[in-house]
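In the numbering used here, the protein residues as written are 8 to 563. Just so it is clear, CB atoms sit at the ideal spot from N, CA and C, and this is done for glycine as well. On a predicted model such as this, the values are computed, not experimentally measured, just so you know. Scroll down for the structure; my scribbles are underneath it.
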Ligand SMILES: [Zn+2]
Ligand SMILES: [Zn+2]
């Protein structure tokens, strides 16, 4: 008798980290599985650990190999950590993409902003609707989050239903779009849900996330009482927040000026898709200077301290249109993403030093997370009553807290997995059955590099300790045919005693070569290695650091 098909799940990104989400679901057995991918996002590099790397993406080598079995890619919503890698990686997959209207429109706007936009077709599915994709029937269930049209996916198969929550929260008054569809989630629970694969971001936080409507109230009060100019910065994709700021500005009789390309792009897409219907027209940055100080509000990009974004330039008095002075205020309607604290801090300090009042979520409810806290996690588990819970979308601590919470509310099976684990959901006992290849890719300039490649490691080392170049011209008999060439890059000129380091390195190169037995001097690789070691250990003595050292041996 033929064995029944298996339903499997594997995260290829987004587990053990926040960012670069990519999950796959498999139906079939052994080598004969159909795969459905959910989301394809990026993480952001940080300058200190990954110099020169802006974006990190999941390694999709496994899916590329399984391309003929990949039936589609479904997007839960249009945040970068869920859809930011598509433009770079989709050309390797070329599978159908499914998304709702706003996500598709934002993707299209982003695609068209590329220098050479690749053609990437997206099939639009209505919010609340369903679509058959290979052997999977995928239902888009509206959930509240911090961008319009976020969806939990109910993935129905012959083996059972999986609820992939995507990013969500419970917000009875989300300002834009419907609240999380509790009724439909309860119906799914009544019909029976095999597994819930869920957002763990805020699993360490007790209680419930406040509503967008409460944030809107705070912003309205702050704008109303402001005397001078006001600038508000927030995540560009948070259209509900943009609407809240617009309403606050209208109530205070201020014109809104939009500053920053990402913000302009989202505003345009939100207007096209009807999410800013009834909201007053916004002005371009060129009109900012024409309004009196108490009649204008600048809505800016740059809440994460990005050096090229609007706010950093305004704070640095380097923006061609928008300026702030003593008595003006800036509202950070955002949270500083870990890793960006220094950049944000330096902007805040710059503004405060100029006499600008800075308001952040430290003292006022000017921002709220789009992810569920513990009471909300309990709610969804009680509605859906899954047989299995798999925590995703979080670092190790978030995942383990989510797992622990699920155990305490009595979820029969809680499965913790890591990127690359292939988990059998059913039929029969669930558990990890295999490991799939997984990893990271770095976007380095316009090249996608394997994270294991040497380039970034070498750049980090060079950034820390510089580099020494040595060129040796050797005769056939193994003698120095000329003086060595020595160049020190990124290394101090003099040691503590005031002696020139390049002289010291030159001397050690010559004495090392001359001190070697003739046979070793005639072997270019052995010679280079000896010189390299001597140079690095000398600089370590002189300076306390071992730079990169490249030795070239020329036979003349
Ligand atoms: Zn996310
Ligand atoms: Zn999100």
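Which same chain residues end up closer than 7 Å to residue i when comparing Cβ atoms and leaving out the 5 residues on each side of it in sequence?
{"i": "residue 175", "result": "150, 151, 152, 157, 159, 187, 206, 379"}
{"i": "residue 220", "result": "180, 182"}
{"i": "residue 144", "result": "137, 163"}
{"i": "residue 466", "result": "58, 59"}
Spell out the partners DSSP gives residue i in its beta bridges.
{"i": "residue 121", "result": "Residue 121 is not bridged to any residue."}
{"i": "residue 33", "result": "15, 42"}
{"i": "residue 163", "result": "144, 168"}
{"i": "residue 206", "result": "399"}
{"i": "residue 379", "result": "According to DSSP, which records beta bridges pairwise, residue 379 is partnered with nothing at all."}
{"i": "residue 449", "result": "63, 456"}
{"i": "residue 291", "result": "265"}
{"i": "residue 307", "result": "240, 266"}
{"i": "residue 492", "result": "478"}
Does DSSP put residue i in a helix, a strand or coil?
{"i": "residue 355", "result": "helix"}
{"i": "residue 149", "result": "strand"}
{"i": "residue 409", "result": "helix"}
{"i": "residue 105", "result": "strand"}
{"i": "residue 83", "result": "coil"}
{"i": "residue 65", "result": "strand"}
{"i": "residue 244", "result": "coil"}
{"i": "residue 270", "result": "helix"}
{"i": "residue 298", "result": "coil"}
{"i": "residue 349", "result": "helix"}
{"i": "residue 470", "result": "helix"}
{"i": "residue 433", "result": "strand"}
{"i": "residue 177", "result": "coil"}
{"i": "residue 522", "result": "helix"}
{"i": "residue 50", "result": "strand"}
{"i": "residue 333", "result": "coil"}
{"i": "residue 196", "result": "helix"}
{"i": "residue 441", "result": "strand"}
Using C-beta distances below 6 Å, list every residue in its chain close to residue i, excluding the 5 sequence neighbours before and after it, in chain order.
{"i": "residue 562", "result": "481"}
{"i": "residue 558", "result": "477, 535, 538, 539"}
{"i": "residue 255", "result": "226, 227, 230"}
Taking the alpha-carbon positions, what's the residue i to residue j distance?
{"i": "residue 14", "j": "residue 391", "result": "19 Å"}
{"i": "residue 290", "j": "residue 352", "result": "29 Å"}
{"i": "residue 549", "j": "residue 102", "result": "58 Å"}
{"i": "residue 247", "j": "residue 428", "result": "36 Å"}
{"i": "residue 277", "j": "residue 46", "result": "21 Å"}
{"i": "residue 469", "j": "residue 58", "result": "10 Å"}
{"i": "residue 321", "j": "residue 403", "result": "38 Å"}
{"i": "residue 86", "j": "residue 70", "result": "22 Å"}
{"i": "residue 133", "j": "residue 297", "result": "43 Å"}
{"i": "residue 484", "j": "residue 546", "result": "30 Å"}
{"i": "residue 413", "j": "residue 165", "result": "26 Å"}
{"i": "residue 89", "j": "residue 56", "result": "23 Å"}
{"i": "residue 395", "j": "residue 27", "result": "24 Å"}
{"i": "residue 355", "j": "residue 286", "result": "30 Å"}
{"i": "residue 335", "j": "residue 154", "result": "29 Å"}
{"i": "residue 74", "j": "residue 225", "result": "49 Å"}
{"i": "residue 107", "j": "residue 131", "result": "5 Å"}
{"i": "residue 517", "j": "residue 492", "result": "10 Å"}
{"i": "residue 257", "j": "residue 104", "result": "39 Å"}
{"i": "residue 140", "j": "residue 288", "result": "40 Å"}
Which residue's Cα is closest to the Cα of residue i: the options?
{"i": "residue 541", "options": "556, 172, 113, 213", "result": "556"}
{"i": "residue 386", "options": "407, 417, 367, 365", "result": "417"}
{"i": "residue 182", "options": "213, 234, 375", "result": "375"}
{"i": "residue 116", "options": "271, 170, 179", "result": "271"}
{"i": "residue 532", "options": "367, 87, 560", "result": "560"}
{"i": "residue 371", "options": "25, 471, 456, 342", "result": "342"}
{"i": "residue 60", "options": "495, 463, 529, 524", "result": "463"}
{"i": "residue 553", "options": "388, 356, 394, 497", "result": "497"}
{"i": "residue 312", "options": "333, 240, 361, 263", "result": "240"}
{"i": "residue 543", "options": "511, 528, 522", "result": "511"}
{"i": "residue 284", "options": "249, 295, 194", "result": "249"}
{"i": "residue 263", "options": "245, 244, 295", "result": "295"}
{"i": "residue 48", "options": "489, 66, 265, 503", "result": "66"}
{"i": "residue 259", "options": "520, 302, 279", "result": "302"}
{"i": "residue 349", "options": "332, 329, 319", "result": "319"}
{"i": "residue 489", "options": "521, 357, 471", "result": "521"}
{"i": "residue 82", "options": "30, 122, 124", "result": "30"}
{"i": "residue 440", "options": "447, 516, 431, 524", "result": "431"}
{"i": "residue 19", "options": "445, 505, 399", "result": "445"}
{"i": "residue 168", "options": "503, 23, 434, 93", "result": "434"}
{"i": "residue 509", "options": "503, 519, 495", "result": "495"}
{"i": "residue 109", "options": "36, 280, 344", "result": "280"}
Cutting at 8 Å between CB atoms, please list the residues of its own chain near residue i, excluding the five before and the five after it.
{"i": "residue 382", "result": "213, 214, 215"}
{"i": "residue 419", "result": "394, 395"}
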